[in-house]
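Trainee: Sharing a structure, written as structure tokens. Questions coming.
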Amino acid sequence: ETTSRAGIQVGFESFDDPSNQSATLKEDGKFAIEYVRPGRYHPWVGSLPGNAYVKAVRYGGRDIKDDALDITEGVGGPVDFVLSPTGADIRGVVTDGDEKPVPGATVVLIPKSDYYPMYRTMNTDTKGQYRLRGVRPGEYQAYAWEDVAPLAWFDNEFLKPFISKGVPVSISESKQKTLSLK
């Protein structure tokens, strides 16, 4: 799948304050973010096309996609976001206890690693259907809620009563999986 890089958003969200530095990729895949304060940052990518996902984020000779961009000493340099067009595709239907589709349900894919950029979420359509494209390979638990506060799934106390109801999902590159949730 050939995709344009223009329009993809990249950025760095601070661990320490509400700053979130970002830029838009140009067609050549380059970007620049200037005047980033010393600190630690989560790298992120948004607006990925098709089944693309972030395979690696390289800084200082190592992959920081699951860690942080650490520039506490004030030293900067190039950061390379390595994207793959071969993410997984998970789709399905959310149904209630009577096997009827649930429109507007929230579907959440929570990674076993608990690394927040791997979390995936979306709402079902009017037929109770959902589709998560560009899922990074890994191990997940899938959940569906008819009514849930935004981002509640990041709270371990909130999740405790639902842990046994999660559906385990193991996914690799380029795979398609159909997953029905209740």
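Taking this note's numbering, I'd label the letters of the sequence shown as residues 52 to 233. Don't be surprised by glycine CBs; every beta carbon is placed ideally from N, CA and C. Just so we're clear, the structure is a prediction, and the values are computed from it rather than from any experiment.
Residue 207 lies in the beta strand (DSSP E); which residues open and close that run?
Mentor: Residue 207 -> not in any beta strand (DSSP E); alpha helix (DSSP H) instead, spanning 207-210.
Trainee: Between residue 143 and residue 104, what straight-line distance do the alpha-carbon atoms span, to the nearest angstrom?
Mentor: Taking the straight line joining both Cα atoms gives about 20 Å.
Trainee: Taking residue 67 as the reference, give the member of 57, 122 and 85 with the closest Cα.
Mentor: Of the candidates 57, 122 and 85, the one whose C-alpha sits nearest the C-alpha of residue 67 is 122.
Trainee: Just to confirm my understanding: we take residue 71, look at its own chain, exclude 5 residues before and 5 after, and list those with CB closer than 8 Å. What are they?
Mentor: Hits under 8 Å: 62, 63, 64 and 65.
Trainee: To the nearest angstrom, how far is it from the Cα of residue 95 to the Cα of residue 157?
Mentor: Those two C-alpha atoms are separated by around 22 Å.
Trainee: In the DSSP assignment, the beta strand (DSSP E) including residue 161 goes from what residue to what residue?
Mentor: Where residue 161 is concerned, the enclosing beta strand (DSSP E) stretches over 157-162.
Trainee: Could you tell me the distance, in whole angstroms, from the CA atom of residue 146 to the CA atom of residue 86?
Mentor: Straight-line Cα distance between these residues: approximately 49 Å.
Trainee: Between which two residues does the beta strand (DSSP E) harbouring residue 102 extend?
Mentor: First-last for residue 102: undefined, no H or E at that position.
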